[in-house]
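Enquirer: Provided herewith is a single structure, encoded as structure tokens, for subsequent inquiry.
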Amino acid sequence: MTAVDDLIDRLESEAATDADPATTPDVGIIMGSDSDLPVMADAYEALDDLGFAEQTDFHDAPDARFTYESYVVSAHRTPELMYAYGETATERGLDVIIAGAGGKSADLPNMTASIAYPVPVIGVPVQEKSVDSVIGMPTGAPIVAVDAGKSYNAALSAAQVLAREHDEIEERLVDLHDEQKAGVADDSAALHDLGIDGFRDR
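The UniProt record's numbering puts the sequence shown at residues 1 to 202.
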């Protein structure tokens, strides 16, 4: 049995446990290669900013109510793992998937969207040249996508999906947005009051 087979068995076993959705990852983050992690790391940051915790053991959830998991899943090198991840998403309790891929043939997001349907998938083109591949879905096979490299926004969008059911996440999103607005206001006041040289030196 290969390491890929082991991962597939893990996913299928988790799907068969009929776990309480409150204890399973709410968001799945997948990427085509670990080389995509520098871009996809912003999705982790956004979810952390919103109070999510990373869940590394399906059977031992963190104390946080809302969690996320992550895997490397290559559409071209491990298509069977991609199918298993998409096919078990609902049974494993995932509510939304963030999928990032790079290169001109960035098929992981849109293929996962087809397999995991109706679980929503938010695609992240890791590079500018990946945009057309990620968003190129036919009518009836939807995917939501962000601009190249904007995995932080993808995570915010995932939280927005969850916020329609969970008031707590909606409140966290509003609080984060207010903090960002306050940061812009602080910068504006400092630039005006200190002048450009003082602003640069602060």
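A virtual CB, placed ideally from N, CA and C, is assigned to each residue, including glycine.
Round the Cβ separation of valine 27 and valine 96 to the nearest angstrom and send it over; I've been treating them as touching at under 8 Å.
Expert: That belief holds up - the Cβ atoms of valine 27 and valine 96 are roughly 6 Å apart, short of 8 Å.
Enquirer: Grab me the residues of glutamate 87's own chain with a C-beta within less than 7 Å of its C-beta, minus the 5 sequence neighbours each way, in chain order.
Expert: Counting only Cβ-Cβ distances below 7 Å, and skipping sequence neighbours, we find Ile115.
Enquirer: Between Ser33, Gly93 and Asp5, which lies nearest to glutamate 14 when the distance is taken from Cα to Cα?
Expert: Of the listed residues, the one whose Cα sits closest to glutamate 14 is Gly93.
Enquirer: Tell me whether alanine 53 sits in a helix, a strand or coil according to DSSP, three-state version.
Expert: DSSP places alanine 53 in strand when its eight states are reduced to three.
Enquirer: For threonine 67, write down the residues that DSSP places opposite it in a beta bridge.
Expert: Ala53, per the DSSP bridge assignment.
Enquirer: Of the residues Thr23, Glu80 and Ile196, which one's Cα is nearest the Cα of aspartate 63?
Expert: Taking only the C-alpha atoms, the option nearest aspartate 63 is Thr23.
Enquirer: Assuming serine 105 and serine 133 are in contact, meaning their beta carbons sit under 8 Å apart, how far apart are those beta carbons, in whole angstroms?
Expert: With a Cβ gap of about 6 Å, serine 105 and serine 133 count as contacting.
Enquirer: Going by the DSSP bridge assignment, what does isoleucine 29 pair with across the sheet?
Expert: BP columns for isoleucine 29 point to Ser70 and Ile98.
Enquirer: Put residue 207 into one of helix, strand or coil per three-state DSSP.
Expert: There is simply no residue 207 to check, as the chain begins at 1 and stops at 202 in what is shown.
Enquirer: Using the Cα positions of valine 49 and leucine 176, report the straight-line distance between them to the nearest angstrom.
Expert: Checking the sequence, you will find aspartate at residue 49 rather than valine. Computed Cα separation, rounded: 8 Å.
Enquirer: What's the gap between the Cα of alanine 163 and the Cα of alanine 182?
Expert: Cα-Cα distance, rounded: 22 Å.
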